[in-house]
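Some notes on the structure that comes next.
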Amino acid sequence: MKQIIVVLLILGCVLISPKNGKANVSMPCSTVLEPVNTGYANAKGVALVYKVKLTPSFPRTSISIHANHLPTPS
């Protein structure tokens, strides 16, 4: 009984393994952000992702999000 459960778990892990979407994207990279409400034709944005090295022992990833021509908040 325990062997069957172990085999089912292993098969489940192999067959239903998560796939990496865009995990191998090189830095720096950017993407265009589309509006959720499609009623605003000029509402666009961009997200920039890049590496920042403040000190040699403390590298980090920086994310900047810029948006232009957005309507007034409701």
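Numbered by this note's numbering, the letters in the sequence shown go through residues 6 to 79 in order. Using N, Cα and C, we set each Cβ at its ideal position, and we do this for glycine too.
Item, Value
"Please report how far the alpha carbon of His-71 lies from the alpha carbon of Phe-63, in whole angstroms.", "25 Å"
"Rounded to the nearest angstrom, what separates Lys-49 and Cys-18 at their Cα positions?", "40 Å"
"Just verifying my parser: in three-state terms, what is the DSSP assignment at Leu-59?", "coil"
"Secondary structure at Ile-70, three-state DSSP: helix, strand or coil?", "strand"
"Pop quiz: Val-57 and Ser-35 are said to be a contact at Cβ under 8 Å. What is the actual Cβ separation, rounded to whole angstroms?", "Between Ser-35 and Val-57 the Cβ distance is about 15 Å, and since that is not below 8 Å, they are no contact."
"Is it true that the CB of Val-11 sits closer than 9 Å to the CB of Met-32?", "no"
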